[in-house]
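*Asks:* Let me give you the structure first, and then I'll get to my questions.
Residue numbers (our numbering): 2 to 434.
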């Protein structure tokens, strides 16, 4: 069975996260986006764990589904062409801050569990170490290697995946507080790391330059803090629908079962380039090196981004193309495309939401629209300019001003002259959410 999965999300109990990150909206938006399997996120938080246990029930091995009455109620808010079975599995992101080899380390990790009993064991162990009640993504004074031990002690079927591995401040390879290798972080347990997460600011091609990742699956997830951000990055599988089949595909890094990833363009990520947000200074790594790492405006040290850090650790040239690795496809999220089509500043504007919902009603889920829907169907639903925008996105014929120091990059598909060639999109439909 072919399906799309997004493992890394958060609940409304995480900081800086929408209150709408609840079971009902996650279930609805996973179908609107086209994701079949979604992580629960935040299973260490007692209230969220209680809510998950109350509203989900076992489905296929290691996966969970909404209880019948809840599912029927939610289905009413999902456009008919998007309705499809969706499944959850237990996941959480954990932040560990500790000192190792005379340096302070700050590492984020994803943890997956197949059953509530294993998640409960992890929660009990972590609750003795620090406060897991205040944030859906707990912050603990714990060596990441020790976290891996706790995860594996709870169940050999649990998995730890280093999260967004290049993010400067909170990741295993991060320039500010990470390590230069997985072995340096995990010591003798490094072979138990079967997969890594690219993060929004890198893509698989950047990670192919690192030899120690050759045997590890390279996955991508949304790290969604609001329902609309689900699926901005995701994973494609061809396995039976079960937690254990998914984990086996990752452990074996089997391109017949793990088919690859759907990616944010890494230039859009908040930490792709170097720079200084306060000074509005964006720097290519070559320029940063030339300036000895200093911001040309204030003279202070610039934040080193993912592109620079990859170049520092890479053992292979840019453009290295390995054999037998799952491919990836880069996309621009549909609301961002519609924001440019409509000439509005934000992808969350009312106009964007209305046109987005019209397309969903007409054509089906968002992944179908972005990757597979015939352009003539898109034109009928949302106008020729939208069809042209999707066509250019599929070809990679876009311009991106790279993100830096916590600022997202910006995408341009059309020039001002291009826009005048097309009629305005048709009238839209009132959003359901």
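Glycine is no exception: its CB is placed at the ideal position from the N, C-alpha and C atoms.
Since this is a predicted model, take the numbers as computed values, not measurements.
Taking three-plus beta-carbon pairs below 8 Å as touching, is the region 115-124 in contact with the region 136-145?
*Replies:* The region 115-124, when compared against the region 136-145, does not touch it at the 8 Å Cβ threshold.
*Asks:* Is the beta carbon of residue 353 closer than 8 Å to that of residue 343?
*Replies:* Yes, the Cβ-Cβ distance between residue 343 and residue 353 is below 8 Å.
*Asks:* If you compare alpha carbons, which of 49, 173, 323, 79 is closest to residue 207?
*Replies:* The option with the nearest alpha carbon to residue 207 is 323.
*Asks:* Classify residue 310: buried if its beta carbon has 16 or more other beta carbons within 10 angstroms, exposed otherwise.
*Replies:* Classification for residue 310: buried.
*Asks:* Just how far apart, CA to CA, sit residue 440 and residue 192?
*Replies:* With the chain represented from 2 up to 434, any question about residue 440 goes unanswered, as that position is not in the structure.
*Asks:* Between the region 148-167 and the region 388-403, do three or more beta carbon pairs fall short of 8 Å?
*Replies:* Taking 8 Å as the limit for Cβ pairs, the verdict is that the region 388-403 does not touch the region 148-167.
*Asks:* In the DSSP assignment, the beta strand (DSSP E) including residue 6 goes from what residue to what residue?
*Replies:* Per DSSP, residue 6 belongs to the beta strand (DSSP E) from 3-7.
*Asks:* DSSP three-state label for residue 439, please.
*Replies:* Only positions 2 to 434 of the chain appear in the structure, and residue 439 is not among them; the question remains open.
*Asks:* When you compare each of 108, 144, 228, 128 to residue 174 by their alpha carbons, which one comes out closest?
*Replies:* Minimum Cα distance to residue 174 is reached at 108.
*Asks:* Just the Cα atoms here: how many angstroms apart are residue 398 and residue 414?
*Replies:* Between residue 398 and residue 414, the C-alpha separation is close to 7 Å.
*Asks:* Using the Cβ count rule (16 or more neighbours within 10 Å means buried), how would you classify residue 335?
*Replies:* The residue in question, residue 335, is buried, as its Cβ has 16 or more Cβ neighbours within 10 Å.
*Asks:* I'd like to confirm the pairing. Which residues does DSSP put opposite residue 99 in its beta bridges?
*Replies:* Residue 99 is bridged to 106.
*Asks:* For residue 380, which of 395, 364, 368 has the nearest alpha-carbon?
*Replies:* That would be 364, whose Cα lies nearest to the Cα of residue 380.
*Asks:* If the criterion is Cβ atoms closer than 8 Å, does the pair residue 401 and residue 268 meet it?
*Replies:* The answer is yes: Cβ separation under 8 Å.
*Asks:* Smallest Cα separation from residue 121: which of 48, 34, 285?
*Replies:* When only C-alpha atoms are compared, the closest one is 48.
*Asks:* Is it true that the region 59-73 meets the region 231-246, where meeting means three or more beta-carbon pairs spaced less than 8 Å apart?
*Replies:* Yes, since at least three Cβ pairs between the region 59-73 and the region 231-246 fall closer than 8 Å, the two stretches touch.
*Asks:* With residue 413 as the anchor, note down where its beta strand (DSSP E) starts and where it stops.
*Replies:* Run containing residue 413: 411-413, per the beta strand (DSSP E) assignment.
*Asks:* Could you check if residue 410 is buried or exposed, using at least 16 other CB atoms within 10 Å of its CB as the buried criterion?
*Replies:* It is buried - the Cβ of residue 410 has at least 16 other Cβ atoms within 10 Å.
*Asks:* With the cut-off set at 8 Å, would you say residue 89 and residue 168 are in Cβ contact?
*Replies:* No, they are not a contact pair.
*Asks:* Since residue 331 is in the beta strand (DSSP E), which residue starts that stretch and which ends it?
*Replies:* Per DSSP, residue 331 belongs to the beta strand (DSSP E) from 329-332.
*Asks:* Only counting the same chain, and skipping five residues up and downstream in sequence, which positions put a Cβ closer than 7 Å to that of residue 218?
*Replies:* The residues are 195, 196, 251, 254, 259.
*Asks:* How would you label residue 58, buried or exposed, when you count the other beta carbons within 10 angstroms and need 16 or more for buried?
*Replies:* Burial call: exposed.
*Asks:* Just to confirm the assignment, what range does the alpha helix (DSSP H) spanning residue 198 have?
*Replies:* Not the alpha helix (DSSP H): residue 198 falls in the beta strand (DSSP E), residues 196-198.
*Asks:* If you pair each beta-carbon of the region 140-149 with each one of the region 87-106, do three or more pairs fall below 8 Å?
*Replies:* Result yes; three or more Cβ-Cβ pairs closer than 8 Å.
*Asks:* Inspect the beta-carbon positions of residue 237 and residue 261 and report whether they are closer than 8 Å.
*Replies:* Yes; because the gap between Cβ atoms is below 8 Å, this pair is in contact.
*Asks:* Hey, residue 351 and residue 376: beta-carbon distance below 8 Å or not?
*Replies:* No, they are not a contact pair.
*Asks:* How would you call residue 374, buried or exposed, if buried means at least 16 neighbouring beta carbons within 10 angstroms?
*Replies:* That one is buried.
*Asks:* Should residue 222 go down as buried or exposed, given a rule of 16 or more other Cβ atoms within 10 Å for buried?
*Replies:* Counting Cβ neighbours within 10 Å, residue 222 comes out buried, since at least 16 surround it.
*Asks:* Between the C-alpha atoms of residue 294 and residue 233, what's the straight-line distance to the nearest angstrom?
*Replies:* If I take the Cα positions, the gap works out to 31 Å.
*Asks:* Can you tell me whether residue 275 is helix, strand or coil according to DSSP?
*Replies:* Strand.
*Asks:* Can you give me the Cβ contacts of residue 82 inside the same chain, cut-off strictly under 6 Å, excluding the 5 residues immediately before and after it?
*Replies:* These residues qualify, in order along the chain: 365.
*Asks:* From what residue to what residue does the beta strand (DSSP E) around residue 87 run?
*Replies:* First-last for residue 87: undefined, no H or E at that position.
*Asks:* So residue 1 and residue 180 are in contact, right, with Cβ under 8 Å, and what is the actual spacing, rounded?
*Replies:* Residue 1 lies beyond the range of the chain shown here (2 to 434); nothing can be said about it.
*Asks:* Whose C-beta lies closer than 6 Å to the C-beta of residue 53 among residues of the same chain, with five residues either side of it excluded?
*Replies:* Excluding residues within five positions, the ones whose Cβ falls inside 6 Å are 41.
*Asks:* Round the Cβ separation of residue 327 and residue 256 to the nearest angstrom and send it over; I've been treating them as touching at under 8 Å.
*Replies:* Right, their Cβ atoms sit about 5 Å apart.
*Asks:* Among 340, 170, 27, which has the Cα closest to the Cα of residue 307?
*Replies:* Residue 170 is the option with its Cα nearest to residue 307.
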